[in-house]
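Peer 1: So the sequence lines, in the order shown, correspond to chains A and B.
Numbering-wise (the working numbering), the first sequence opens with residue 6 and increments by one.
Numbering-wise (the working numbering), the second sequence opens with residue 6 and increments by one.
Here it is, the structure, as structure tokens.
There are 2 protein chains.
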Amino acid sequence: MITVLAGGVGAARMLAGLRQVVDPSSITAIVNVGDDVDLHGLHVSPDLDTCTYTLAGAINPETGWGLVGETWHAMEALERYGGLTWFRLGDRDLATHLYRTQRRAEGAPLSTVTAEITRAWGLSERLLPVTDDRVRTVVTLTDGTRLPFQDYFVRLRHDVPITGVEVEGAASARPAPGVLEALATATTVVVAPSNPIVSIGPLFEVPGVRDALVARRDRTVAVSPIIGGAALKGPADRMLRELGHDVSVVGVARLYAPLASVLVIDEVDAALADAVAAAGVRPVVAPTVMRTPDVAAALGRTVLEVWS
Amino acid sequence: MITVLAGGVGAARMLAGLRQVVDPSSITAIVNVGDDVDLHGLHVSPDLDTCTYTLAGAINPETGWGLVGETWHAMEALERYGGLTWFRLGDRDLATHLYRTQRRAEGAPLSTVTAEITRAWGLSERLLPVTDDRVRTVVTLTDGTRLPFQDYFVRLRHDVPITGVEVEGAASARPAPGVLEALATATTVVVAPSNPIVSIGPLFEVPGVRDALVARRDRTVAVSPIIGGAALKGPADRMLRELGHDVSVVGVARLYAPLASVLVIDEVDAALADAVAAAGVRPVVAPTVMRTPDVAAALGRTVLEVWS
Numbered sequence: 006m007i008t009v010l011a012g013g014v015g016a017a018r019m020l021a022g023l024r025q026v027v028d029p030s031s032i033t034a035i036v037n038v039g040d041d042v043d044l045h046g047l048h049v050s051p052d053l054d055t056c057t058y059t060l061a062g063a064i065n066p067e068t069g070w071g072l073v074g075e076t077w078h079a080m081e082a083l084e085r086y087g088g089l090t091w092f093r094l095g096d097r098d099l100a101t102h103l104y105r106t107q108r109r110a111e112g113a114p115l116s117t118v119t120a121e122i123t124r125a126w127g128l129s130e131r132l133l134p135v136t137d138d139r140v141r142t143v144v145t146l147t148d149g150t151r152l153p154f155q156d157y158f159v160r161l162r163h164d165v166p167i168t169g170v171e172v173e174g175a176a177s178a179r180p181a182p183g184v185l186e187a188l189a190t191a192t193t194v195v196v197a198p199s200n201p202i203v204s205i206g207p208l209f210e211v212p213g214v215r216d217a218l219v220a221r222r223d224r225t226v227a228v229s230p231i232i233g234g235a236a237l238k239g240p241a242d243r244m245l246r247e248l249g250h251d252v253s254v255v256g257v258a259r260l261y262a263p264l265a266s267v268l269v270i271d272e273v274d275a276a277l278a279d280a281v282a283a284a285g286v287r288p289v290v291a292p293t294v295m296r297t298p299d300v301a302a303a304l305g306r307t308v309l310e311v312w313s
Numbered sequence: 006m007i008t009v010l011a012g013g014v015g016a017a018r019m020l021a022g023l024r025q026v027v028d029p030s031s032i033t034a035i036v037n038v039g040d041d042v043d044l045h046g047l048h049v050s051p052d053l054d055t056c057t058y059t060l061a062g063a064i065n066p067e068t069g070w071g072l073v074g075e076t077w078h079a080m081e082a083l084e085r086y087g088g089l090t091w092f093r094l095g096d097r098d099l100a101t102h103l104y105r106t107q108r109r110a111e112g113a114p115l116s117t118v119t120a121e122i123t124r125a126w127g128l129s130e131r132l133l134p135v136t137d138d139r140v141r142t143v144v145t146l147t148d149g150t151r152l153p154f155q156d157y158f159v160r161l162r163h164d165v166p167i168t169g170v171e172v173e174g175a176a177s178a179r180p181a182p183g184v185l186e187a188l189a190t191a192t193t194v195v196v197a198p199s200n201p202i203v204s205i206g207p208l209f210e211v212p213g214v215r216d217a218l219v220a221r222r223d224r225t226v227a228v229s230p231i232i233g234g235a236a237l238k239g240p241a242d243r244m245l246r247e248l249g250h251d252v253s254v255v256g257v258a259r260l261y262a263p264l265a266s267v268l269v270i271d272e273v274d275a276a277l278a279d280a281v282a283a284a285g286v287r288p289v290v291a292p293t294v295m296r297t298p299d300v301a302a303a304l305g306r307t308v309l310e311v312w313s
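Laid out in structure tokens, this is it:
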């Protein structure tokens with residue numbers, strides 16, 4: 006059993022690599038829901054959907070989110086009304102949110118709905134929202150303004166400095182059924198190369214999750230989302246800097262040292278391997294830019310072989 | 006000022022006829038919301054939308070509901086999940102429900118949102134939901150089952166006998182701003198050829214509306230939705246029968262006699278004119294099947310000339 010701590014695009018590619026080298030039914034992903042958002046009354050779970058669509062081979066490969074071959078008739082029509090269109094929901098993608106919202110209104114927990122959705126897409130992997138309770142990642146800007154994550158991430162294109170990140174509701178949230186068990190029983194726990202601050206970090210805010218992970222430190226391998234001092238995608242690099250972390254694999258090693266015993270770093274960072282080791286994490290050097298399925302598969306193999 | 010009591014398709018065509026013969030900005034429609042429905046978390050207002058889309062020239066002329074040239078990608082994708090697809094929402098139509106739901110969640114009353122939507126479509130008419138409060142038409146089947154209106158109308162295709170109709174929430178609902186004034190000040194009040202039981206009837210359940218209409222009886226003209234003993238569309242005929250009414254223009258005259266002084270009946274029912282008069286309503290015979298814009302315009306002219 007492999008358990009992957011997952012955010013969006015980077016995690017989805019990591020999962021797509023792993024499914025090539027192990028039985029997909031042995032993979033459990035524990036997925037961030039801190040950036041879930043209510044739009045037009047609909048419950049949107051961006052990270053769950055990015056993982057689902059990627060594993061289903063239905064992701065838009067150009068954007069890394071949304072469905073390939075998508076149409077945008079609803080959003081175009083919404084522009085007529087001056088409606089909220091900065092968060093683009095494709096016509097087919099809308100069906101996922103319609104279904105999720107309807108099922109939750111009927112009383113189904115998010116984990117149940119997620120299982121229904123992944124089954125409908127034919128996935129063998131198990132995707133678990135880290136919690137069935139509603140949690141909301143909020144960033145604080147330099148002027149003290151608190152913004153819901155998607156306002157920062159999509160509307161403002163993460164192009165503003167932040168001073169803090171909180172996950173509202175996390176303190177009273179409970180891990181979704183199966184989450185703690187998946188951490189306790191995995192032969193390998195993988196921290197996917199997702200944003201440590203707003204994708205992986207919120208997972209630890211759910212009481213019990215961080216402790217369960219720390220307890221598996223000797224079987225936990227993280228993959229650095231920072232490559233050559235920058236994030237491949239998204240604001241991980243600037244967020245780390247703004248929150249006082251070193252924007253390098255060494256900074257990532259320091260962040261993850263309490264919970265991971267191995268950190269996979271990219272070849273471009275090979276010279277920092279000793280510094281990673283000095284931070285208390287064993288470095289493994291490998292290609293980590295998952296531009297093709299082959300690279301993703303090789304990275305999956307690397308991650309699973311760190312103990313052998 | 007012309008005020009029209011309106012349901013869906015028949016009322017929309019009546020309104021489209023009237024706008025050809027009077028300044029559209031002098032027209033107010035008071036529209037049924039008893040068959041509004043929450044689907045997937047979205048607030049759907051079928052009668053308001055049918056009136057809006059028809060007046061905007063954007064209605065699907067074949068179905069009488071939904072948008073012309075519509076696509077169905079969201080519904081097709083929803084089928085993958087086994088989601089609720091018996092109530093078909095087109096991709097562009099979805100935008101209307103997304104916008105309405107978002108605005109209501111922000112605290113805007115339905116009447117405000119409706120004004121925003123009609124303005125976006127360039128309409129000069131004023132469409133008023135009869136109430137901003139939530140009311141729900143419920144039908145009772147012969148076995149005592151109570152069904153929300155759209156379950157009866159769309160899901161079961163109104164192909165089951167009923168024993169009663171109620172409008173839940175109506176007793177505590179208040180007329181939307183402008184509704185009572187529009188009835189009090191109109192030079193002509195038109196009861197559109199909509200279903201008397203489930204389109205027009207629910208309007209009267211909102212306290213104050215029926216009294217306001219009765220007070221204008223001498224300036225109120227109804228158009229019979231029953232032609233030659235049948236409804237053109239929908240279950241008005243069988244509902245009237247099942248609820249003990251005469252399925253004819255005479256039955257309609259008896260229903261509307263307390264609140265309309267004139268009933269426009271179709272030429273095929275000319276022989277019943279005396280019986281209509283005997284029911285206490287002055288009959289006016291005219292073509293009422295609005296198959297073309299010209300017929301609708303002529304009917305509009307007829308309705309406005311009944312006092313001259």
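The beta-carbon is built from N, C-alpha and C at its ideal position, and this holds for glycine as well.
What does a CB cutoff of less than 8 Å around Thr307 (chain B) pick up in its chain, not counting 5 residues either side in sequence?
Peer 2: Counted from its first residue, the second sequence places residue 307 (chain B) at position 302. Val269, Val289 and Ala291, listed in sequence order.
Peer 1: Buried or exposed: which applies to Asp40 (chain A), given that a residue is buried once 16 or more other Cβ atoms fall within 10 Å of its Cβ?
Peer 2: Your numbering for residue 40 (chain A) matches position 35 in the first sequence. Buried, since its Cβ has 16 or more Cβ neighbours within 10 Å.
Peer 1: Looking at Val267 (chain A) and Val311 (chain A), is the spacing between their C-beta atoms short of 8 Å?
Peer 2: Start at 1 with the first residue of the first sequence, and residue 311 (chain A) comes out as number 306. Start at 1 with the first residue of the first sequence, and residue 267 (chain A) comes out as number 262. In this structure, Val267 (chain A) lies closer than 8 Å to Val311 (chain A) by Cβ.
Peer 1: Mind checking the segment 92-113 of chain A against chain B and listing, in chain order, the residues whose C-beta falls within less than 7 Å of any C-beta there?
Peer 2: So the close ones are Asp96, Arg97, Leu99, Ala100, Leu103, Tyr104, Thr106, Gln107 and Ala110.
Peer 1: Less than 8 Å between CB atoms is the rule here; does Ala61 (chain A) satisfy it with respect to chain B?
Peer 2: Counted from its first residue, the first sequence places residue 61 (chain A) at position 56. Chain B, which has no Cβ nearer than 8 Å to the Cβ of Ala61 (chain A), makes this no.
Peer 1: Going along the chain, which unbroken runs of the alpha helix (DSSP H) with 4 or more residues stay wholly within the segment 72-120 of chain B?
Peer 2: Within the segment 72-120 of chain B, the complete alpha helix (DSSP H) runs of at least 4 residues are 78-85 and 96-110.
Peer 1: So Ala227 (chain A) is in the beta strand (DSSP E); what residue range does that whole segment cover?
Peer 2: For the purposes of this step, residue 227 (chain A) is taken as the residue at position 222 of the first sequence. That run of the beta strand (DSSP E) goes Thr225 to Val228.
Peer 1: Have a look at His102 (chain B) and Ala79 (chain A) and give me their C-alpha separation to the nearest angstrom.
Peer 2: Along the second sequence, read from residue 1 onward, the residue named residue 102 (chain B) stands at position 97. Along the first sequence, read from residue 1 onward, the residue named residue 79 (chain A) stands at position 74. The alpha-carbon atoms of His102 (chain B) and Ala79 (chain A) are separated by roughly 10 Å.
Peer 1: Within 10 Å of its beta-carbon, does Asp242 (chain A) have 16 or more other beta-carbons around it, so buried, or fewer, so exposed?
Peer 2: Here the question's residue 242 (chain A) lines up with position 237 in the first sequence. Buried.
Peer 1: Do Arg224 (chain B) and Ala189 (chain B) count as a contact pair if the criterion is CB distance below 8 Å?
Peer 2: Residue numbering aside, residue 189 (chain B) sits at position 184 when the second sequence is read from its first letter. Residue numbering aside, residue 224 (chain B) sits at position 219 when the second sequence is read from its first letter. Contact flag unset, no.
Peer 1: Leaving aside the five residues before and after Val226 (chain B) along the sequence, list all residues of the same chain whose C-beta is less than 8 Å from its C-beta, in chain order.
Peer 2: Along the second sequence, read from residue 1 onward, the residue named residue 226 (chain B) stands at position 221. Once the five neighbours on either side are set aside, the close Cβ partners of Val226 (chain B) are Thr193, Val194, Val195, Val196, Ala265, Ser266, Val267, Leu268, Val269, Val289, Val308 and Val311.
Peer 1: Starting from the beta carbon of Ala120 (chain A), find every residue of chain B whose beta carbon is closer than 8 Å, and list them in chain order.
Peer 2: The residue labelled residue 120 (chain A) in the question sits at position 115 within the first sequence. Going along chain B, no residue has its Cβ under 8 Å from Ala120 (chain A), so there is no contact; the nearest lies around 12 Å.
Peer 1: Can you give me the Cβ contacts of Leu208 (chain B) inside the same chain, cut-off strictly under 7 Å, excluding the 5 residues immediately before and after it?
Peer 2: In the second sequence, residue 208 (chain B) corresponds to position 203, counting from 1. Closer than 7 Å at Cβ, skipping near neighbours: Leu10, Ile35, Asn37, Val135 and Val214.
Peer 1: Where does Arg18 (chain B) fall in DSSP's three states?
Peer 2: To locate residue 18 (chain B), count along the second sequence from 1; it is residue 13. Correct three-state label for Arg18 (chain B): helix.
Peer 1: Mark Pro230 (chain B) as exposed unless 16 or more other C-beta atoms lie within 10 angstroms of its C-beta, in which case mark it buried.
Peer 2: The residue you call residue 230 (chain B) lines up with position 225 of the second sequence. Pro230 (chain B) is buried by the Cβ-count criterion.
Peer 1: Taking a Cβ distance cut-off of 7 Å, strictly less, list which residues of the segment 256-279 of chain B are near chain A, in chain order.
Peer 2: Result list empty, no residue passes.
Peer 1: Can you look up Pro212 (chain A) in the DSSP assignment and give me helix, strand or coil?
Peer 2: Here residue 212 (chain A) corresponds to residue number 207 of the first sequence, with the count starting at 1. Coil.
Peer 1: Taking only beta-carbon atoms, is Arg139 (chain B) less than 8 Å away from chain A?
Peer 2: Start at 1 with the first residue of the second sequence, and residue 139 (chain B) comes out as number 134. For Arg139 (chain B), the answer is no, since every Cβ of chain A falls outside 8 Å of its Cβ.
Peer 1: So the candidates are B:Trp91, B:Ser129, B:Arg124 and B:Glu75; which of them puts its Cα closest to the Cα of Met6 (chain B)?
Peer 2: Here residue 6 (chain B) corresponds to residue number 1 of the second sequence, with the count starting at 1. Minimum Cα distance to Met6 (chain B) is reached at B:Ser129.
Peer 1: If you draw a straight line from the alpha carbon of Leu89 (chain B) to that of Leu53 (chain A), how long is it in whole angstroms?
Peer 2: Numbered from 1 along the second sequence, position 84 holds the residue referred to as residue 89 (chain B). Numbered from 1 along the first sequence, position 48 holds the residue referred to as residue 53 (chain A). Each residue's Cα considered, the two are about 21 Å apart.
Peer 1: Note the first and the last residue of the continuous alpha helix (DSSP H) segment covering Pro51 (chain B).
Peer 2: Looking up residue 51 (chain B) in the second sequence gives position 46. Taken as a continuous stretch (DSSP letters only), the alpha helix (DSSP H) holding Pro51 (chain B) covers Pro51 to Leu60.
Peer 1: Please list the partners that Arg85 (chain B) has in chain A, where partner means a Cβ-to-Cβ separation under 8 Å.
Peer 2: The residue you call residue 85 (chain B) lines up with position 80 of the second sequence. In chain order: Ala100, Ala125 and Trp126.
Peer 1: Near Leu304 (chain B), which residues of its chain fall below 8 Å by C-beta distance, leaving aside the five closest residues on each side in sequence?
Peer 2: For the purposes of this step, residue 304 (chain B) is taken as residue 299 along the second sequence, with counting starting at 1. Contacts found: Met19, Gly22, Val228, Val269, Ala291, Pro292, Thr293 and Met295.
Peer 1: Please name the residue in B:Gly46, B:Glu247, B:His163 and B:Arg179 whose C-alpha comes closest to that of Leu99 (chain B).
Peer 2: In the second sequence, counting from the first residue as 1, residue 99 (chain B) sits at position 94. The shortest Cα separation from Leu99 (chain B) among B:Gly46, B:Glu247, B:His163 and B:Arg179 belongs to B:Gly46.
Peer 1: Please decide whether Leu115 (chain B) counts as near chain E, where near means a Cβ-Cβ distance under 8 Å.
Peer 2: Note that chain E does not occur in the displayed structure, where the protein chains are A and B.
Peer 1: Step through the CB atoms of chain A and report whether any lies within less than 8 Å of the CB of Thr68 (chain B).
Peer 2: Within the second sequence, numbered from 1, the residue matching residue 68 (chain B) stands at position 63. No, its Cβ sits nowhere closer than 8 Å to a Cβ of chain A.
Peer 1: Taking 8 Å as the CB-CB limit, is Ala79 (chain A) close to chain B?
Peer 2: Here the question's residue 79 (chain A) lines up with position 74 in the first sequence. Judged by the 8 Å Cβ criterion, Ala79 (chain A) is in contact with chain B.
Peer 1: Out of B:Asp28, B:Thr33, B:Gly13 and B:Pro29, which one is the CA nearest neighbour of Ala187 (chain B)?
Peer 2: As a working note, residue 187 (chain B) is residue 182 in the second sequence. When only C-alpha atoms are compared, the closest one is B:Thr33.
Peer 1: For Thr76 (chain A), go through chain B and note every residue whose CB falls closer than 8 Å to its CB, in chain order.
Peer 2: Along the first sequence, read from residue 1 onward, the residue named residue 76 (chain A) stands at position 71. Chain B residues near Thr76 (chain A): Thr76, His78 and Asp96.
Peer 1: Between Gly46 (chain A) and chain B, is there a C-beta pair that is closer than 8 Å?
Peer 2: Working through the first sequence from its first residue, we reach residue 46 (chain A) at position 41. Answer yes: the Cβ-Cβ gap between Gly46 (chain A) and chain B drops below 8 Å somewhere.
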